[in-house]
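Letter 82 of the sequence shown, counting from 1, is numbered 83 in the working numbering, and no numbers are missing. Think of the CB as a built atom: it goes at the ideal place given N, C-alpha and C, for glycine as much as any other residue. The next block holds one structure in the form of structure tokens; read it before the comments.
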Amino acid sequence: MIEIKEVTYSYSGVNALNNINLNISRGEAIALMGPNGSGKSTLLKLLNGIISPDTGVYKFDNEEITHKKLQDSKFSKLFHQRIGFVFQNSDTQLFCADVFDEIAFGPRQMGMNEGEVEKRVNDCLSLLNIQSFKHRPPYHLSGGEKRKVALACVLSLNPEVLILDEPMNGLDPRTQRWLAEFLVSLNKAGKTLITSTHNLELAQEISGRAILFSEEHSIVADRPTVKLLEDIKLLKEVNLVDEYYHRHEGNEHTHFHTHNF
Ligand SMILES: Nc1ncnc2c1ncn2[C@@H]1O[C@H](COP(=O)(O)OP(=O)(O)OP(=O)(O)O)[C@@H](O)[C@H]1O
Ligand SMILES: [Mg+2]
């Protein structure tokens with residue numbers, strides 16, 4: 002469904018993606034891992050069409066996605082209906098005066114009538130158990146509450162692919178647990194999930210395949226998540242686990258001490 006071939010990207014001279022090759026099939030659950038600045042968010046932005054490759058090709062469902070095509074509003078709307086992006090920082094995603102309008106924004110853009118829009122919004126509010134936020138301004142919600150609204154906005158378009166950038170950041174343990182289970186249920190329902198995370202336990206719980214970036218902005222491993230997490234030497238090399246973790250690797254039961262999920 003997703004094909005990335007020899008993709009390179011730089012932000013005005015700062016290299017962020019270095020010869021990336023990656024194929025993702027419909028229904029997969031992928032974790033993107035790697036140290037700070039390795040290129041995870043950049044790849045997610047590219048998948049969502051916010052940026053386009055400097056060189057190489059990005060194909061979605063056999064069609065090349067280019068900056069030029071995304072300029073066409075009909076193409077862009079259709080593309081964004083199929084692939085939804087939950088930003089790391091919900092503030093950049095929320096801009097309406099109340100939660101109802103915020104979630105209704107996408108469905109309205111798609112040209113649905115108000116009856117359908119209202120049904121979609123209410124379905125999403127109850128799915129995320131946030132009916133009580135319906136008429137509150139998004140900018141008055143807490144960080145975790147905003148994240149739920151941002152997720153509802155994306156789900157309101159019922160996309161085939163969900164892209165989440167560090168979705169657990171700033172969430173309390175109970176909300177993290179809820180979100181992890183929710184993501185697993187979405188994947189079971191057939192959604193393709195692509196999630197960037199520093200959280201090793203989360204990666205193990207919500208993904209079957211893990212892609213590991215190095216500090217040189219290239220992919221250094223692409224394996225079943227459990228297999229990648231067994232390779233402590235590699236995780237240490239790319240700065241994903243530290244000395245403290247390393248000293249415990251001989252333990253029969255390995256725990257990810259460095260993370261609180
Ligand atoms: N808007 C930008 N302008 C210039 N450079 C940028 C910009 N955004 C990211 N970069 C650079 O691109 C590289 C990749 O950044 P990216 O945000 O993709 O990393 P990341 O893997 O998501 O890191 P983190 O784990 O900290 O979120 C970094 O060197 C970063 O400094
Ligand atoms: Mg990032």
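| query | result |
| --- | --- |
| Can we count residue 214 as close to ligand 1, meaning its CB is less than 7 angstroms from some heavy atom? | yes |
| Less than 8 angstroms between the C-beta atoms of residue 55 and residue 10, yes or no? | yes |
| Compare the Cα-Cα distances from residue 104 to each of 139, 169, 88 and 83 and report the closest residue. | 139 |
| Counting only beta-carbon separations shorter than 8 angstroms, does residue 95 have a partner in chain C? | Among the chains of the structure shown, chain C does not appear; only one protein chain is present. |
| Report all residues from its chain with a CB closer than 8 angstroms to the CB of residue 41; omit the five preceding and five following residues, and keep chain order. | 33, 34, 35, 166, 197 and 214 |
| Would you list the residues sitting across from residue 197 in a DSSP beta bridge? | 33 and 166 |
| Just to check my reading of the structure: residue 229 and residue 31 have Cβ atoms closer than 8 angstroms, yes? What is that Cβ distance to the nearest angstrom? | About 11 angstroms separates the two Cβ atoms, so there is no contact after all. |
| Does the distance from the C-beta atom of residue 148 to that of residue 100 stay below 8 angstroms? | no |
| Would you kindly work out how many angstroms separate the C-alpha atoms of residue 219 and residue 53, rounded to a whole number? | 17 angstroms |
| Hey, is residue 200 close to ligand 1, as in C-beta under 7 angstroms from one of its heavy atoms? | no |
| Using a 10 Å radius around the Cβ and a threshold of 16 neighbouring Cβ atoms, would you call residue 59 buried or exposed? | buried |
| Name, in chain order, the residues that DSSP records as bridge partners for residue 50. | Note: residue 50 sits in no beta bridge, so no partner. |
| Considering only C-alpha positions, which residue in the set 141, 76, 133 and 29 is nearest to residue 184? | 29 |
| Is any heavy atom in ligand 2 found nearer than 7 angstroms to the beta carbon of residue 192? | no |
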